[in-house]
Amino acid sequence: MTSIDAMNEDDTFFTVKDLAAMFKVNPATIYRRTPKWPHHRVGTEIRFSRADVEAIKEMTSKRPAQPETRRSPRIGTRAARASERLNRP
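Residue 133, in the working numbering, is where the sequence shown stops; the numbers in between run on with no holes.
Following this line, the structure appears as structure tokens:
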């Protein structure tokens, strides 16, 4: 299937402004991320098909946060070591 055939399957294309409104971000953010996202160039304009938008949603979906690992406190802080040096006979 060529890219022209793929374009004919779904004739709905979104502009950068449309995509920015969908994701509630500034259009400059869309332009900045476009090289990493699937898109189509029409002359000098950038367009996104429905399939592109779905792929972008998958790529940008928030992943669950990793649980924080607690570090054990450092034993022998600088202040404690200094006071030990002062208290030595």
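Cβ atoms here follow ideal geometry from the backbone N, Cα and C, with glycine treated the same way. The model shown is predicted, which means the values in this text are computed figures rather than measured ones.
{"Check": "Arg91 vs Thr121 beta-carbon contact at 8 Å", "Outcome": "no"}
{"Check": "Phe57 vs Ser93 beta-carbon contact at 8 Å", "Outcome": "yes"}
{"Check": "Ala123 versus Leu130 - alpha carbon distance", "Outcome": "11 Å"}
{"Check": "Runs of beta strand (DSSP E) wholly within the stretch 64-128 (minimum 3 residues, chain order)", "Outcome": "84-86, 89-93"}
{"Check": "Best match in Pro82, Ala126, Lys61 for proximity to Glu98 [C-alpha to C-alpha]", "Outcome": "Pro82"}
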